[in-house]
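Visitor: Numbering (the working numbering), first residue to last: 35 to 116.
Pasting a structure here, questions to come.
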Amino acid sequence: ELVSLNLDYVDTEGGYVRCFGKGHKERIIPIAPRAALAVAEYVKDARPHLAHSDEEKALFLNRRGDRLTRQGFWQILKGYAN
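Structure below.
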């Protein structure tokens, strides 16, 4: 679900993420203040360098400016683990 998040699903000031499950049922998930700050910094500082346009809705982008895939996220996670 992390890679399917869009920018407008995250409220870093309110400290929550909106997720949509089966049948498009909305769930509100609280996020820790530290995580909210990290996401806010990513959106402000890093994401603009990755996005090709302001129309890209995905929260997390790969180096090409496309939505990060599940496999891409796994590769990043493995890199931090090693």
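Where a beta carbon is used, it is the ideal one built from N, C-alpha and C, also for glycine.
Nothing here was measured: the structure is a model prediction, and the numbers come from that model.
Tell me which residue opens and which closes the alpha helix (DSSP H) that Val51 is part of.
Guide: Counting along the chain, Val51 falls outside any alpha helix (DSSP H), though it belongs to the beta strand (DSSP E) covering 50-54.
Visitor: What ranges does the alpha helix (DSSP H) occupy inside the segment 36-99, keeping only unbroken runs of at least 4 residues that lie completely in it?
Guide: Unbroken alpha helix (DSSP H) stretches of 4 residues or longer found wholly inside the segment 36-99: 67-75, 81-84, given in chain order.
Visitor: Could you give the C-beta distance for Gly106 and His86, rounded to a whole number, given that I count them as a contact under 8 Å?
Guide: The Cβ separation is near 16 Å, so there is no contact.
Visitor: Looking at the unbroken alpha helix (DSSP H) that takes in Leu111, where does it start and where does it end?
Guide: 104-115
Visitor: Please go through the same chain and pick out, in chain order, the residues whose beta-carbon is closer than 8 Å to the beta-carbon of Glu60, but skip the five residues on each side of it.
Guide: Arg52, Cys53, Phe54
Visitor: Here's a check: name, in chain order, each residue in its chain whose Cβ is nearer than 6 Å to the Cβ of Ala70, leaving out the five neighbours to either side.
Guide: Correct list, in chain order: Thr46, Gly49.
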